[in-house]
Amino acid sequence: MSFVRNAWYPAAWSHELGRALVPRTMLGEKVVLYRTEAGAPVALEDRCCHKFLPLSKGKLKGDAVECGYHGMTYAPTGVCIRIPGQANIPAQARVRAYPAVDHLGLVWIWAGAASLADRAKLFQLPPYGAPGWTANKGPYTYIKAAYQHLTDNLLDPAHVSFVHLSTLGSAAMEEIPVETRQDGDTVVTSRWTLDQPPVPVFRAFRDIPGNVDRWQIYQFYPPSLSVTDFGIGPVGMGHGDADRDKGMRIHSCHFIAPETERTSHYFWMQIRNFAPGDEAVSRTMTEQFIMAFAEDKAVLEAVQQGEDESEGRVPVRLGIDNGPQRSRRIVERMIRAEQDAAPGAASGRGAQALFDRKPEQNSGGASRGMKVK
Ligand code: FES
Ligand SMILES: [Fe+2]
1 MSFVRNAWYP AAWSHELGRA LVPRTMLGEK VVLYRTEAGA PVALEDRCCH
51 KFLPLSKGKL KGDAVECGYH GMTYAPTGVC IRIPGQANIP AQARVRAYPA
101 VDHLGLVWIW AGAASLADRA KLFQLPPYGA PGWTANKGPY TYIKAAYQHL
151 TDNLLDPAHV SFVHLSTLGS AAMEEIPVET RQDGDTVVTS RWTLDQPPVP
201 VFRAFRDIPG NVDRWQIYQF YPPSLSVTDF GIGPVGMGHG DADRDKGMRI
251 HSCHFIAPET ERTSHYFWMQ IRNFAPGDEA VSRTMTEQFI MAFAEDKAVL
301 EAVQQGEDES EGRVPVRLGI DNGPQRSRRI VERMIRAEQD AAPGAASGRG
351 AQALFDRKPE QNSGGASRGM KVK
């Protein structure tokens, strides 16, 4: 399967995970998610090692999961701690435990070798929780398309004029070329639309007379995260980071995890620098983006279907595909590197869950995360 394993992937919104067993397929593997009594997230293989009944069909017993068939009970480490009617617990009576942590309002799981799980590799997003910035979170969104189609789309400012005319786009942007650059493994595509009326999404929040300059800066962080920095400011504004901070600025965050080769879990939120703490604005923004991302979902699912039916025909590449192609090459290189480094090491057998971690206890490491200026 074409996945980078040694990475943190978003599995659920933190606020959605509690004392219930939630089944979720991640990178083709069945996982059950829950929280301990102390609130720490747990992710276990969703398959009892006896007769393979999904553990999500069982019950929580304190911090452990009791299988719904014969009552084998597993600790958050994946180790079996009880077999009803049998004193001896075989050493192999265990299920895989995935390291799981709360970070940026999401539960992330490490899908590869647990020994390589590293909190410093969690995605860092400086505006999240910073003074003056407010986040609105969208509902969990399920997309019947490969994660690569989502990440392509999120490096593709050109589609906005055609797919999102009612929300994010305008015909004025149509002919403006897209710039692409790469900084290490971060791919950035961008476009400035100068001296044009603001697009609908901004008019919903403020009365804006006259024209504006508008930026869209799409950043891809492998294997499947993306942040779109976009906003508007006065005509003639500077283009630097501090200049953009003075405008109406939104970091639209897209956190994606493959469910299978052809389906994806999609978690999104916006972080804005205007109307701080205003719940009504947060609600309106979520509603606007539900509409916008429903437009993407419809296209992406049809694209996936088109690809499935294409019988191997090779697509024509355009200039606008430069960014998406780069991102795919980076991910392919990472997959090859994992396979070459240690065949089999990207499986998490013998994993130890980081179940003692506190919610929102971040690594503090800045080795990974939003870095575009
Ligand atoms: S299937 Fe789980 S205990 Fe038998
Ligand atoms: Fe889109």
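Each residue of the sequence shown is one higher than the one before, counting from 1 in the working numbering.
All residues carry an ideal CB built from backbone N, CA and C; glycine is no exception.
Because the structure is a prediction, the values reported are computed rather than measured.
query: Roughly how many angstroms separate the alpha carbons of PRO100 and SER252, rounded to a whole number?
result: For the purposes of this step, residue 100 is identified with residue 100 of the sequence shown, where counting begins at 1. For the purposes of this step, residue 252 is identified with residue 252 of the sequence shown, where counting begins at 1. The question names Pro, but residue 100 in the sequence shown is Ala. If you take the alpha carbons of ALA100 and SER252, they lie about 24 Å apart.
Query raised in the report: Any idea what DSSP makes of PHE205, helix, strand or coil?
Result: In the sequence shown, counting from the first residue as 1, residue 205 sits at position 205. Looking at PHE205 - three-state DSSP - the assignment turns out to be coil, as it is neither helix nor strand.
Quick one: using the 10 Å Cβ neighbour count with 16 as the cut-off for buried, is ILE208 buried or exposed? The sequence position of residue 208 within the sequence shown is 208, counting from 1. By the neighbour-count rule (16 or more Cβ atoms within 10 Å), ILE208 is not buried but exposed.
*Runs of alpha helix (DSSP H) lying entirely within the stretch 141-199, each at least 4 residues, in chain order*: 147-153, 160-163
Worksheet item: Alpha carbon to alpha carbon, what distance is there between GLY210 and VAL107?
Response: Mapped onto the sequence shown, residue 107 falls at position 107. Mapped onto the sequence shown, residue 210 falls at position 210. Roughly 43 Å separates the two Cα atoms.
8 Å Cβ shell around ILE89 - same chain, five flanking residues per side excluded: Position 89 of the sequence shown holds residue 89. The answer, listed in chain order, is CYS80, ILE81, ARG82, ILE83.
So, with DSSP's three-state summary, where would you put PRO234? Position 234 of the sequence shown, counting from 1, holds the residue named residue 234. The answer is coil: DSSP assigns PRO234 none of H, G, I, E or B.
For this session: Report all residues for which the CB-ligand distance to some heavy atom of ligand 1 is below 5 Å; order them along the chain.
Result: CYS48, HIS50, LYS51, LEU53, CYS67, TYR69, HIS70, MET72
Q) Taking the Cβ atom as the reference point for each residue, do MET269 and ALA120 lie within a distance shorter than 8 Å? A) Taking the first residue of the sequence shown as position 1, residue 269 is located at position 269. Taking the first residue of the sequence shown as position 1, residue 120 is located at position 120. Cβ atoms of MET269 and ALA120: not closer than 8 Å.
Taking 7 Å as the cut-off, is the C-beta of ASP321 nearer than that to any heavy atom in ligand 2? For the purposes of this step, residue 321 is identified with residue 321 of the sequence shown, where counting begins at 1. No; taking the cut-off as 7 Å, the Cβ of ASP321 has no heavy atom of ligand 2 nearer than that.
(Q) Judging by CA-CA distance, which residue of VAL227, HIS103, PRO198, PHE267 is the nearest neighbour of MET248? (A) Against the sequence shown, residue 248 aligns to sequence position 248. Closest option to MET248, Cα to Cα, is PRO198.
**Asked** What separation, rounded to the nearest whole angstrom, lies between the Cα atoms of GLN339 and ALA111?
**Response** Within the sequence shown, numbered from 1, the residue matching residue 339 stands at position 339. Within the sequence shown, numbered from 1, the residue matching residue 111 stands at position 111. Cα to Cα, GLN339 sits roughly 14 Å from ALA111.
- prompt: Taking just the CA atoms, how far does HIS149 sit from LYS57?
  reply: Residue mapping note: residue 57 aligns to position 57 of the sequence shown, counting from 1. Residue mapping note: residue 149 aligns to position 149 of the sequence shown, counting from 1. Between LYS57 and HIS149, the C-alpha separation is close to 32 Å.
- Query: Is VAL163 near ligand 2, going by C-beta to nearest heavy atom under 7 Å?
  - Reply: Counting from one through the sequence shown, the residue named residue 163 turns up at place 163. For ligand 2, at least one heavy atom lies less than 7 Å from the Cβ of VAL163.
Item to check | Closest residue to ASP243 among LEU122, ASP213, PRO223 (Cα-Cα distance) | outcome: Position 243 of the sequence shown, counting from 1, holds the residue named residue 243. Checked all of LEU122, ASP213, PRO223; the closest Cα to ASP243 is ASP213.
Using three-state DSSP, classify ILE81 as helix, strand or coil.
Taking the first residue of the sequence shown as position 1, residue 81 is located at position 81. Residue state, collapsed to three classes: strand.
ask   = GLY306 by DSSP, collapsed to three states: which one?
value = By 1-based counting over the sequence shown, the position of residue 306 is 306. Looking at GLY306 - three-state DSSP - the assignment turns out to be helix.
Discussion item. Measuring only the C-alpha atoms, how far is ASP241 from PHE52?
Written reply: Residue 241 sits at position 241 when you count from the first residue of the sequence shown. Residue 52 sits at position 52 when you count from the first residue of the sequence shown. One C-alpha to the other measures close to 52 Å.
Nearest-angstrom Cα separation, counted from GLU279 out to GLY132:
As a first step, residue 132 is located in the sequence shown; it is residue number 132 there, counting from the start. As a first step, residue 279 is located in the sequence shown; it is residue number 279 there, counting from the start. C-alpha separation (whole angstroms): 14 Å.
Review point. In three-state terms, what does DSSP make of GLU375?
Key: For residue 375 there is no data in the structure shown, the boundaries of the chain being 1 and 373.
*asked:* On the DSSP letters alone, give me the boundaries of the beta strand (DSSP E) that VAL59 sits inside.
replied: For the purposes of this step, residue 59 is taken as the residue at position 59 of the sequence shown. Looking at the sequence itself, residue 59 is Lys, so the reference to Val does not match. Note, LYS59: beta strand (DSSP E), 59-61.
Are LEU17 and ILE143 closer than 8 Å when you measure CB to CB?
-> Stepping through the sequence shown from its first residue, residue 17 is reached at position 17. Stepping through the sequence shown from its first residue, residue 143 is reached at position 143. No.
* Where MET370 and ASP185 are concerned, what is the direct C-alpha to C-alpha distance, given to the nearest angstrom? -> Here residue 370 refers to the residue found at position 370 of the sequence shown. Here residue 185 refers to the residue found at position 185 of the sequence shown. Approximately 12 Å between the Cα atoms of the pair.
Starting from ALA64, trace the beta strand (DSSP E) in both directions and tell me its first and last residue. As a first step, residue 64 is located in the sequence shown; it is residue number 64 there, counting from the start. First-last of the beta strand (DSSP E) with ALA64: 64-66.
- [ ] In the DSSP assignment, find the unbroken beta strand (DSSP E) run with ALA135 in it and report its ends.
- [x] Counting from 1 along the sequence shown, the entry for residue 135 is found at position 135. First-last of the beta strand (DSSP E) with ALA135: 134-137.
Q. Would you report the Cα separation of GLU360 and VAL314, rounded to the nearest angstrom?
A. Counted from its first residue, the sequence shown places residue 360 at position 360. Counted from its first residue, the sequence shown places residue 314 at position 314. Below a pLDDT of 50, predicted positions are generally treated as unreliable, and GLU360, at 41, falls in that range; the measurement from the model is reported next regardless. About 44 Å.
Our contact map puts LEU238 next to TRP215 with C-beta atoms below 8 Å; I'd like the distance itself, whole angstroms only.
Residue mapping note: residue 238 aligns to position 238 of the sequence shown, counting from 1. Residue mapping note: residue 215 aligns to position 215 of the sequence shown, counting from 1. Strictly speaking, residue 238 in this sequence is Gly, with Leu absent from that position. Contact flag wrong, Cβ pair sits at about 11 Å.
Work out the CA separation of HIS164 and TRP192 for me, nearest whole Å. Indexing the sequence shown from 1 puts residue 192 at position 192. Indexing the sequence shown from 1 puts residue 164 at position 164. The alpha-carbon atoms of TRP192 and HIS164 are separated by roughly 17 Å.
Open item on the list: Rounded to the nearest angstrom, what separates ASP102 and LEU33 at their Cα positions?
Closed with: Numbered from 1 along the sequence shown, position 102 holds the residue referred to as residue 102. Numbered from 1 along the sequence shown, position 33 holds the residue referred to as residue 33. Cα to Cα, the separation comes out at about 12 Å.
DSSP state of VAL42 mapped onto helix, strand, coil: Taking the first residue of the sequence shown as position 1, residue 42 is located at position 42. DSSP places VAL42 in strand when its eight states are reduced to three.
> VAL178 and ILE320: beta carbons closer than 8 Å?
Replying inline: Walking along the sequence shown from the start, residue 178 turns up at place 178. Walking along the sequence shown from the start, residue 320 turns up at place 320. Yes, Cβ-Cβ distance for VAL178 and ILE320 is below 8 Å.
- Task: Tell me, please, which residues DSSP counts as bridged to MET248.
- Result: The residue you call residue 248 lines up with position 248 of the sequence shown. Note: MET248 sits in a beta bridge opposite ILE232.
Return yes when the Cβ of TYR140 is within less than 8 Å of the Cβ of PHE267, no when it is not.
-> Your numbering for residue 267 matches position 267 in the sequence shown. Your numbering for residue 140 matches position 140 in the sequence shown. Cβ atoms of PHE267 and TYR140: closer than 8 Å.
Rounded straight-line distance, which links the Cα of ALA11 to that of MET26
Numbered from its first residue, the sequence shown carries residue 26 at position 26. Numbered from its first residue, the sequence shown carries residue 11 at position 11. Each residue's Cα considered, the two are about 7 Å apart.
query = Which residue's Cα is closest to the Cα of ARG24: LYS61, ARG203, THR263, ILE176?
reply = Taking the first residue of the sequence shown as position 1, residue 24 is located at position 24. Comparing Cα-Cα distances from ARG24 to each of LYS61, ARG203, THR263, ILE176, the minimum goes to THR263.
Between VAL4 and PRO223, is the Cβ-Cβ spacing less than 8 Å? The residue labelled residue 4 in the question sits at position 4 within the sequence shown. The residue labelled residue 223 in the question sits at position 223 within the sequence shown. Yes.
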